[in-house]
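What follows is a single structure, written as structure tokens, with notes after it.
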Amino acid sequence: MKHMKFKKNKSTIKDVIFGKNVTIVEPVNLYGCEISDNCFIGPFVEIQKNVKIGKNTRVQSHSFICSKVNIGDNCFVGHGVNFVNDKFYNFEIERNQKKFLKTRIGNNVLIGSNSTILPVIIENQVVIGAGSVVTKKCYKKKKYAGNPAKLIK
Numbered sequence: 587m588k589h590m591k592f593k594k595n596k597s598t599i600k601d602v603i604f605g606k607n608v609t610i611v612e613p614v615n616l617y618g619c620e621i622s623d624n625c626f627i628g629p630f631v632e633i634q635k636n637v638k639i640g641k642n643t644r645v646q647s648h649s650f651i652c653s654k655v656n657i658g659d660n661c662f663v664g665h666g667v668n669f670v671n672d673k674f675y676n677f678e679i680e681r682n683q684k685k686f687l688k689t690r691i692g693n694n695v696l697i698g699s700n701s702t703i704l705p706v707i708i709e710n711q712v713v714i715g716a717g718s719v720v721t722k723k724c725y726k727k728k729k730y731a732g733n734p735a736k737l738i739k
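Residue numbers (the numbering used here): 587 to 739.
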């Protein structure tokens with residue numbers, strides 16, 4: 587039997603721009619991102635470079651926010667939400683990060699736990715139901731749910 591060494595709950599916080607009154611519950615991986623005033627980042631969250639989190643936004647535990655995501659003010663990102671930007675084309679993996687797609691989340695958006703957000707625009711005051719897979723633009727003051735997420739109200 588091979589012996590392996592593991593790091594115990596060690597956080598990586600590198601090159602992060604923090605606003606005022608930000609709460610971070612470790613362990614987390616945060617690097618090259620910007621987190622605005624009065625935000626909460628739960629444990630086991632990873633936020634990659636070129637991500638901006640707006641004021642008063644809460645990101646719950648076990649969520650993953652990939653590069654090129656912009657989340658507005660007063661948003662809620664539930665537990666286990668995954669943002670992805672590395673879509674496959676012609677059965678190949680895109681390795682050039684410059685070609686990764688952007689995601690923009692407006693203000694006052696609520697994203698339910700275990701949702702997956704592909705590169706899209708979600709406008710202001712949208713609710714995304716838990717477990718949804720968002721593949722297309724979501725319009726202002728609407729509710730979406732399902733896989734793929736569809737307008738429900």
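By construction, the Cβ of each residue, glycine as well, lies at the ideal position given by its N, Cα and C atoms.
Looking at the structure shown, is residue i part of a helix, part of a strand, or coil, going by DSSP?
i       : result
Ile-639 : strand
Glu-632 : strand
Val-608 : coil
Lys-600 : strand
Phe-626 : strand
Tyr-617 : strand
Phe-592 : At Phe-592, the pLDDT of 48 sits below 50, so the modelled position is not reliable and the matter cannot be decided from this model.
Have a look at residue i and residue j and give me their C-alpha separation to the nearest angstrom.
i       : j       : result
Met-590 : Asn-710 : Annotation note: pLDDT 49 at Met-590 (below 50); position unreliable, coordinate value reported separately. In a straight line, the C-alpha of Met-590 is about 47 Å away from that of Asn-710.
Val-608 : Thr-643 : 10 Å
Ile-610 : Ser-597 : 11 Å
Ser-718 : Ile-603 : 30 Å
Asn-694 : Cys-625 : 13 Å
Lys-723 : Val-655 : 14 Å
Tyr-617 : Lys-600 : 5 Å
Ile-691 : Cys-619 : 16 Å
Ile-657 : Glu-680 : 24 Å
Phe-592 : Gln-683 : Because the pLDDT at Phe-592 is just 48, under 50, the model does not fix this residue reliably, and the value given afterwards should be weighed accordingly. Using only the alpha carbons, I get a separation of about 29 Å.
Pro-734 : Asn-660 : 25 Å
Lys-641 : Tyr-730 : 24 Å
Gly-732 : Val-645 : 21 Å
Gln-634 : Ile-738 : 31 Å
Ile-627 : Ile-651 : 11 Å
Lys-728 : Ile-714 : 9 Å
Tyr-675 : Gly-605 : 37 Å
Val-614 : Ser-649 : 10 Å
Thr-702 : Val-663 : 11 Å
Val-667 : Gly-698 : 8 Å
In the DSSP assignment, find the beta strand (DSSP E) that holds residue i and state where it starts and stops.
i       : result
Ala-807 : Lying outside 587 to 739, the shown extent of the chain, residue 807 is not represented and no answer is given.
Ile-738 : Careful: Ile-738 lies outside any beta strand (DSSP E) and carries neither H nor E.
Can you tell me the Cβ-Cβ gap for residue i and residue j, rounded? I've got them flagged as a contact below 8 Å.
i       : j       : result
Thr-689 : Asn-671 : 6 Å
Phe-630 : Ser-647 : 5 Å
Val-539 : Ile-707 : Residue 539 cannot be examined here, being either before or after the span of the chain that is shown, 587 to 739.
Does the CB of residue i have a neighbour CB from chain B at under 8 Å?
i       : result
Asn-636 : Looking for chain B here will not work: only one protein chain is present.
### Query
In chain order, which continuous runs of the alpha helix (DSSP H) of length 4 or greater are located wholly inside the region 644-715?
none
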